[in-house]
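In what follows, a structure is listed as structure tokens, so that the remarks can point back to it.
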Amino acid sequence: MTATVALPPKAILLVLLQERILPNGVKTVYEYKENTDFIEKITHLAADGVTVLSEVTYERNPGGEPTKITRADGSYTEIDYDASFRVKKESQYDSTGNLVDEIIYSYDADGNRQTVSSGVAEGTYNYENTHQLREVETVIGTESYSYDAGGHLETVIRDGETLRLEYDENDQLIAVKDSNGDAVVEYVYDSEGRRVELKDETGQRDYLVAQTLASGLDSPFLIVK
Numbered sequence: 007m008t009a010t011v012a013l014p015p016k017a018i019l020l021v022l023l024q025e026r027i028l029p030n031g032v033k034t035v036y037e038y039k040e041n042t043d044f045i046e047k048i049t050h051l052a053a054d055g056v057t058v059l060s061e062v063t064y065e066r067n068p069g070g071e072p073t074k075i076t077r078a079d080g081s082y083t084e085i086d087y088d089a090s091f092r093v094k095k096e097s098q099y100d101s102t103g104n105l106v107d108e109i110i111y112s113y114d115a116d117g118n119r120q121t122v123s124s125g126v127a128e129g130t131y132n133y134e135n136t137h138q139l140r141e142v143e144t145v146i147g148t149e150s151y152s153y154d155a156g157g158h159l160e161t162v163i164r165d166g167e168t169l170r171l172e173y174d175e176n177d178q179l180i181a182v183k184d185s186n187g188d189a190v191v192e193y194v195y196d197s198e199g200r201r202v203e204l205k206d207e208t209g210q211r212d213y214l215v216a217q218t219l220a221s222g223l224d225s226p227f228l229i230v231k
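According to our numbering, the residues represented by the sequence shown are 7 to 231, in order.
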């Protein structure tokens, strides 16, 4: 695993990831807006270092929120925000500029997202205790959530099945179990609280944590055994 980190001018105390090379040789290159940590372009290159597998460029408003995301094939997404910088509309266009899809978002008086007009998140969102998501109503059904006294998500009722979440003494999610008490997925953490292992029906996946130049900026890379 190889990662090269570029340091910006001394006046700005930022540590920015410049490129990442995976074991299979695929390289990801990150470009930033000058003197900021705002990403302007992400390019994925094949092992030959030349062939572009995918590329995404970002246009942003002065606050850094992305307003246009353009892909290598020329298709793009435009994002509009309300006065509170919440996404209110997402317009998706093909490479010729034809509108393919449009997603409208609305919010309640507390700032919670209340409705999504289409897409994978389409539905109506209901809350309790101000910001705790209680249920999501969609065209295929309702998904419900409950919480423990500490505010942790405790159960998820989805497609008629109840999933129960379990935490350790450090409030880290360690398991999700089905209604029979069987583990759907389990997680393991190291002494610093970083997730290092996942077990599910497909097997075990380990997370290798590589140290970067600055404390607190560890970069997790997924290694599948």
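Even glycine gets a Cβ: it sits at the ideal position worked out from N, Cα and C. Note that the structure is predicted; figures quoted are calculated from it, not measured.
Determine the burial state of V122: buried for a count of at least 16 other Cβ atoms within 10 Å of its Cβ, exposed for fewer. Within the sequence shown, numbered from 1, the residue matching residue 122 stands at position 116. Classification of V122: buried, given that the 10 Å Cβ count is 16 or more.
Distance between R201 and E141 (C-alpha atoms, nearest Å): The sequence position of residue 141 within the sequence shown is 135, counting from 1. The sequence position of residue 201 within the sequence shown is 195, counting from 1. Each residue's alpha carbon lies about 28 Å from the other.
Assigned secondary structure, I180 (DSSP; H/G/I helix, E/B strand, else coil): For the purposes of this step, residue 180 is identified with residue 174 of the sequence shown, where counting begins at 1. It is a strand residue.
Find the nearest neighbour of H50 within the set E37, T130, S185, V162, judged by alpha-carbon distance. Numbered from its first residue, the sequence shown carries residue 50 at position 44. Of E37, T130, S185, V162, the residue nearest in Cα terms is E37.
State the Cα-Cα distance for the pair Y195 and E203, rounded to the nearest angstrom. Numbered from its first residue, the sequence shown carries residue 195 at position 189. Numbered from its first residue, the sequence shown carries residue 203 at position 197. Taking the straight line joining both Cα atoms gives about 7 Å.
Does the Cβ of E134 have 16 or more other Cβ atoms within 10 Å, making it buried, or fewer, making it exposed? The residue given as residue 134 occupies position 128 in the sequence shown. Counting Cβ neighbours within 10 Å, E134 comes out exposed, since fewer than 16 surround it.
Thinking C-beta only, is K74 closer than 7 Å to E2? No information on residue 2 is available, as it lies outside the stretch 7 to 231 that the chain covers here.
Expressed to the nearest angstrom, what Euclidean distance is found between the alpha-carbon atoms of T168 and S124? The residue given as residue 168 occupies position 162 in the sequence shown. The residue given as residue 124 occupies position 118 in the sequence shown. Going from the Cα of T168 to the Cα of S124 covers about 26 Å.
Please classify I109 as buried or exposed, where buried requires at least 16 neighbouring CB atoms within 10 angstroms. Here residue 109 is taken as the residue at index 103 of the sequence shown, counted from 1. Per the 10 Å Cβ criterion, buried.
D88 and K95 - do their beta-carbons sit closer together than 7 Å? On the sequence shown, residue 95 is found 89 positions in, with the first residue counted as 1. On the sequence shown, residue 88 is found 82 positions in, with the first residue counted as 1. The answer is no: Cβ separation not under 7 Å.
If you run the structure through DSSP and keep just helix, strand and coil, what is I109? Along the sequence shown, read from residue 1 onward, the residue named residue 109 stands at position 103. Looking at I109 - three-state DSSP - the assignment turns out to be strand.
To which residues of the same chain is L100 closer than 6 Å at the C-beta, ignoring the five residues directly before and after it? Here residue 100 is taken as the residue at index 94 of the sequence shown, counted from 1. The displayed chain sequence assigns Asp, not Leu, to residue 100. The answer, listed in chain order, is S81, V106.
From V191 to G103, what does the alpha carbon distance come to, in whole angstroms? What you label residue 191 is simply residue 185 of the sequence shown in a count that begins at 1. What you label residue 103 is simply residue 97 of the sequence shown in a count that begins at 1. Taking the straight line joining both Cα atoms gives about 42 Å.
Closest residue to T57 among E40, V35, F44 (Cα-Cα distance): Position 51 of the sequence shown, counted from the start, is the residue given in the question as residue 57. Comparing Cα positions, the closest option is V35.
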